[in-house]
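Participant:
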Amino acid sequence: MRLSTSNMSMGELTVAQICNLVAIDTNQLMWFFFLCPNLWAMPVQIIVGVILLYYLLGISALIGATVIAVLAPVQYFVATKLSQTQKSTLDYSSERLKKTNELLRGIKLLKLYAWERIFCDSVEETRGKELTSLQAFALYTSISSKAPLSVRTRTVFMNAAIPILAVLTTFVVHVHISEDADLSPAVAFASLSLFHILVTPLFLLSSVVRSTVKALVSVQKLSEFFSSDEIGEELEPRATLTSGSSNHNQNRYQALSSSKPFLSSALYSLSRHLQPLKVVNRKRPPRDDWNNYSSRAERDGDGPSQEAYQDVCIKISSGYFTWTDGTPTLSNVDIKIPFGKLTMIVGQVGSGKSSLLLAALGEMQRISGTVTWNSPTDREAAGDGDIRQRSAVAYASQKPWLLNATVEENITFELPMIKPRYKAVIEACSLQPDIDILPQGDQTEIGERGINLSGGQKQRISVARALYHQTNMVFLDDPFSALDIHLSDHLMQDGILKLLREEKRTVVLVTHKLQYLPHADWIIAMKDGTIQTEGTLKDIQNSEPELFEQWKTLMHRQDQEFEKETVAASMTNLERKNLRRAMYSREAVRTEEDEEEESVESEDDDNLSQVMRQRATIPWHSCGTYLSSAGLVLLTLLLLSQLLKHTLMVAIDYWLAHWTSHVIAAKTEATARNCTVVQDCGFSHVWYLSVFSVLCCLGIILCLATSVAVEWTGLEVAKQLHQNLLNKIILAPMRLFETTPLGSILNRFSADVNTIDQHIPTTLECLARSTLLCVSALGVISYVTPVFLIALLPLTIACYFIQKYFRVASRDLQQLEDSTQLPLLSHFSETLEGLTTIRALRYEPRFRQRLLQFTDANNIASLFLTAANRWLEVRMEYVGACVVMVAAVASITNSLYNQLSTGLVGLGLTYALMVSNYMNWMVRNLADMEVQLASVKRINSLLKTEPENYEGLLTVSQVPDGWPQHGEIKIQNLSVRYDATLKPVLKNVNAHISPGQKVGICGRTGSGKSSFSLAFFRMVDMFEGRIVIDEIDIAKLPLQTLRSRLSIILQDPILFSGTIRFNLDPEMKATDEMLWEALDIAQLKPVVKSLPGGLDATVTEGGENFSQGQRQLFCLARAFVRKSSILIMDEATASIDMATESILQKVVMTAFADRTVVTIAHRVHTILNADLVIVMKRGIILEHDRPEALLDKEDSVFTSFVRADK
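Below is the structure:
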């Protein structure tokens, strides 16, 4: 809350970096504290384990322990490699997502130009690199045992193979060292258990060390953040002034107070607010020179007159301010802002107007000077030594800042709703028409950062918030920048001059609109970070006549622009149209979701059990989809390797039991025959040891084979599902993108693909292993003591109900944890972006409180999830204890009465001890698997999308090469709809366009103009009639061929990241001469020539390094490169300035003179030179003729449009 905004504005810290501290680094610390006890517990565990082994096996135990110790660093090396491959995988993943995002954002253009395959291949290429990196990741994972510890030990090859190797080495040495080696079941199975116990701490120790290193890095990052610059309040009461000059000042205050009582309040205010805010930099010692600043009254020995301070709200004297430690951004600032008046700050771009507001708010570092606040409440302030703060300021920043909340919540901003005031503010900001478009009116959530709204709409909501707040001070930073002239006038008249003036509020307005200067009570003119002049307009006219004349010229030019602006509030209408489109598509999705929810909720209570049953069932269908994507061969290999591995594991233990039983028998026989060593009686360890060694070696090989098989299966599935998803998406009809939020589709490619890539294979492997271990353990116990089968039935039933109960709760708690983390992170990033606004309004405590609430909610969910896991563990321990008890009683009874071999008793008990652990992990992995399979389910729902019909009755070879050569278009009885379930948008349209004609199509919003243009590209459902171009019915053409032979310029110019060459010609068919010619025609040749690299100059994402007008001209050049004889312009001039529009018009008339051009017109004057004008209304052609002929008819609709345009 006190972070200095200079850190972010100067690029030292980004919002993403700070959010990472909350999301990732705090988590690393939590894990460290979670694992911290292991740092001292594990060495103790290892030492005790080795001592016990030595006690059992003597010197040979140390050799086995050495094997484990030697292989532990290998594990650490593999873990390091693993984190490196993880990093490169993340890099490729980010690149793939960036390309996918671009593909989805520009999907309409890509479809219209038939370029989707080019962009799809680009994504696939990056995906290939990502999969190569994932292969390395999979290989290291197969070998390693990396895991988020104590959540799941991802025991793959090494954790399974090393105990086998250690046991094998130990027993080989043990048998060979001592002739009379004691290898009874008691020794063998006890040492086997001890080796298993030893492996875990040795490997976990390496992971704990890595976790500690990560935690230290996180601590370093956090400490850097905590020591970054902060905004501090320096509100020192007079009594705390330091010695020397300060005592002198203190005496002077007392003298002044006693001699001039009427000055006390003004001076008190001054003394209090002399240094109200400054940036505290923890890295540097605080500057002590603040104490040397005093008011002019003190310096001159003369008190100011009462009026001087009574009417000044803010006073900055000799102010020098900076964002960084370098040169001051603002120099020698001496200004005063009068109470209850409208102050305007004007100046060129970059002259420091916004910085001046932020300096007054205390957001900048102050080098020297004073900022004095004197709000009305201060005048009646109490006691003499009080510290007083500056009052709250309603601040609307230049870049609007909105919350992810409803429109109403964004305007009222936690203040109580006062209906009349709210209505007045909405009216002043012309927000009612926009609110009417929103599906739930002002209760509609406007998305994070106001993502559903245009720049102008966001700006007006931000200004509305400032107007609604009844603070004495209002700071408006360039509120007209994103508004058209009519909205600006309305806001000025109704909002600022009427609403704020009537309430006698002090308004500081930064603006470029000089025509509003006559309304200002006080003007501050800035230039290059200094104050050029201040005063009333009349003062400036007298003192700075040159500046005044310059303003007059600019005001005159702005008035001319006002006259030029043709369609009333055209920009606003366009914004509202886009908002309507966005809201319609969101509503369609929401309605579908609501219907699904209602279909579940509308069932009666008797169906509640059915719903619960559905929630408790495992998603077998998603599981089937996942496994079937792997292919039959890999799936068979996976199953066989898993079964063989676990059979071998049991075989190794069984053979050990068999061997040790024979040792006991041999000993008994040796005692009977008085042999000193068992070997003398004909018993040899060699045969048993050989078989044991072969089994162990096979076990190690199978461990590796299994882990590789699991990872490769996971990779194959990931590859197939991503490929299928991408292909489905690029072939999907436009309707999908209009009705599904882009973020939702992108989420399938990011979060869901990541789950399939990295999480499901691990969980699947753990689930398969723990299940097979559990089954093999119960199988062995049942084999040793068949009577155990009787107890198995009730225990199985108990386990079934426990897992069913746990899985539902665990899934819901995991979703709850995820869903509580999202608001926490989004609130945190929102707060960071709006720090200045929050601090200006003094809302820090409220936001801090809400952040704590979100943190608590997330912590509670995590706590409950941990508690649920503990709950399961305790119950599984009970079941395990019952298994051990039954197995122990049954096997001991069996050995006493039925002569059961001691080796088998040991085997049975060893397995019985492991059952509870296996069962616990089996259920937990099953719950995790369910949550993760939801990703497969979501991807599967997109895979069911019906693709567009790309096939045609004609093959590509049957279409003439140069088609369409002439550009003749015949439209016959054409009816069009967006979807089979929707009403037609064009009805029985007939038209004939001759080759080379220039046709203009106009009509009100929703008349079907854009649908008309999309029909040429078969982007909409043409259910009746046909379009014939150069004697070929377009319905018979392959879709790719049709779209690749026509050109279109859309309303929103779309550029892709890459080079200029790639943007003009992604197919790489055109020569450099052709590209330069196209750029020359679009009047962009000088611009491109001046860039480093020329045609190979970089274009950033979305073409952000070019202006809106330049982007539209690039789109024109792109259309020219195509050389197609038909060009469609869909409202191409709607979002560009007049100058660019005239270039566009000229090019169309000259460069495209011999081509057929169909223009969908937003500004009617753009089609006055057309050969034919078509006027549309509600999907039908109302009138069509030459523009002159239509204008001659007084009652024609076109004539009324032209009149309105003027």
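Going by full-length UniProt numbering, the first residue of the sequence shown is number 1, and it counts up by one from there.
All C-beta atoms, glycine included, are put in the ideal place defined by N, C-alpha and C.
(1) By Cβ distance below 7 Å, which residues in the same chain neighbour Leu1168 in space, the five residues on each side in sequence not counted?
(2) Compare the beta carbon distance of Asn332 and Thr533 with 7 Å and say whether it is the shorter of the two.
(3) Leaving out five residues on either side along the sequence, give the residues of the same chain with a beta carbon under 6 Å from the beta carbon of Leu29.
(4) Starting from Glu968, follow the alpha helix (DSSP H) in both directions and report where the run begins and ends.
(5) For the segment 1035-1053 against the segment 1073-1082, do three or more pairs of beta-carbon atoms, one drawn from each stretch, fall closer than 8 Å, so that the two count as touching?
(6) Determine, using beta-carbon pairs with one atom in the segment 335-348 and one in the segment 498-511, whether at least three such pairs fall under 8 Å.
(7) Give the secondary structure of Arg850 by DSSP, where H, G and I count as helix, E and B as strand, and everything else as coil.
(8) Would you call the segment 482-494 in contact with the segment 429-445, where contact means no fewer than 3 C-beta pairs closer than 8 Å?
(9) I need the straight-line Cα distance from Ser693 to Ile162, nearest angstrom please.
(10) Can you check the segment 949-994 for any alpha helix (DSSP H) of at least 4 residues that lies completely inside it and give the ranges in chain order?
(11) Can you name the start and end residues of the beta strand (DSSP E) that Pro794 belongs to?
(12) Would Gly699 and Leu648 qualify as a contact pair, given that the criterion is a beta-carbon distance under 7 Å?
(13) Out of Met885, Leu467, Gly962, point me to the one whose CA is closest to Arg1045's CA.
(14) Considering only residues of the same chain and omitting the five flanking positions on each side of Thr518, which have a CB-CB separation below 8 Å?
(15) Work out the CA separation of Glu1024 and His1165 for me, nearest whole Å.
(16) What do you reckon, are the CB atoms on Leu767 and Met914 nearer than 7 Å?
(17) Please report the straight-line C-alpha distance between Pro733 and Glu765, rounded to a whole angstrom.
(18) Could you give the DSSP three-state label for Ala927: helix, strand or coil?
(19) Return the CA-CA distance between Asn674 and Ala665, expressed in angstroms with no decimal places.
(20) Enumerated in chain order, which unbroken segments of the beta strand (DSSP E) with a length of 3 residues or greater are wholly contained in the segment 1027-1076?
(21) Less than 8 Å between the CB atoms is what I'm expecting for Tyr978 and Asp1021, so what's the real figure, rounded?
(22) With burial defined as no fewer than 16 other Cβ atoms inside 10 Å of the residue's Cβ, what is the status of Thr155: buried or exposed?
(23) For a test of the three-state rule: what should DSSP assign to Trp323, helix, strand or coil?
(24) DSSP state of Met417, grouped into three classes?
(25) In whole angstroms, what is the alpha-carbon distance linking Asp1171 and Ile411?
(26) Along the chain, where does the alpha helix (DSSP H) containing Val1173 start, and where does it finish?
(27) Compare the C-alpha of Phe321 against each of Leu342, Lys341, Pro338, Gly352 and name the closest.
(28) How is Met473 classed by DSSP in three states: helix, strand or coil?
(29) Could you tell me how far apart the beta carbons of Ala1151 and Phe1120 are, in whole angstroms, since I believe they sit closer than 8 Å?
(30) What do you get for Arg1178, buried or exposed, if any count of 16 or more other CB atoms within 10 angstroms of its CB means buried?
(31) How is the beta strand (DSSP E) around Leu330 delimited, first residue to last?
(32) Would you tell me roughly how many angstroms separate the C-alpha atoms of Gln642 and Val889, rounded to the nearest one?
(33) What's the call for His1184, buried or exposed, on a 16-neighbour Cβ count within 10 Å?
(34) Using the beta-carbon count (16 or more within 10 Å), is Ser1200 buried or exposed?
(35) With DSSP collapsed to three states, give me the class of Ser599.
Facilitator: The short version:
(1) Contacts found: Pro1187.
(2) Not closer than 7 Å, so no.
(3) Correct list, in chain order: Ala215, Ser218.
(4) Boundaries for Glu968: no alpha helix (DSSP H) harbours it, and the DSSP string shows neither H nor E there.
(5) Not touching, per the Cβ criterion.
(6) Short answer: they touch.
(7) Residue state, collapsed to three classes: helix.
(8) These segments touch.
(9) If you draw a straight line from the Cα of Ser693 to the Cα of Ile162, it is about 14 Å long.
(10) Unbroken alpha helix (DSSP H) stretches of 4 residues or longer found wholly inside the segment 949-994: none.
(11) Pro794 -> not in any beta strand (DSSP E); alpha helix (DSSP H) instead, spanning 788-833.
(12) Taking 7 Å as the cut-off, the Cβ atoms of Gly699 and Leu648 count as close.
(13) For the residues Met885, Leu467, Gly962, the minimum Cα distance to Arg1045 belongs to Gly962.
(14) It should be noted that the sequence gives Pro, not Thr, for residue 518. Contacts found: Leu537.
(15) Spanning the two alpha carbons is a distance of roughly 33 Å.
(16) The beta carbons of Leu767 and Met914 sit no closer together than 7 Å.
(17) So the alpha carbons of these two residues sit roughly 38 Å apart.
(18) Helix, per DSSP.
(19) Distance between the alpha carbons of Asn674 and Ala665 is about 14 Å.
(20) Listed in chain order, the complete beta strand (DSSP E) runs (minimum 3 residues) inside the segment 1027-1076 are 1047-1049.
(21) The beta carbons of Tyr978 and Asp1021 sit about 7 Å from each other, so the pair counts as a contact at 8 Å.
(22) Because the pLDDT of Thr155 is 42, which lies under 50, any placement of that residue in the model is unreliable, and the question is left without a value.
(23) Coil, per DSSP.
(24) Met417 falls in the coil class under three-state DSSP.
(25) Their backbone Cα atoms lie some 50 Å apart in a straight line.
(26) Per DSSP, Val1173 belongs to no alpha helix (DSSP H); it is in the beta strand (DSSP E), 1172-1177.
(27) Among Leu342, Lys341, Pro338, Gly352, the Cα nearest to that of Phe321 is on Gly352.
(28) Strand at Met473.
(29) With a Cβ gap of about 6 Å, Ala1151 and Phe1120 count as contacting.
(30) It is exposed - the Cβ of Arg1178 has fewer than 16 other Cβ atoms within 10 Å.
(31) 330-338 is the extent of the beta strand (DSSP E) around Leu330.
(32) The alpha-carbon atoms of Gln642 and Val889 are separated by roughly 32 Å.
(33) That one is buried.
(34) Around the beta carbon of Ser1200, fewer than 16 other beta carbons sit within 10 angstroms, so the residue counts as exposed.
(35) Note that Ser599 has pLDDT 41, beneath the 50 cutoff, so the model's placement of it is unreliable and no number is given.
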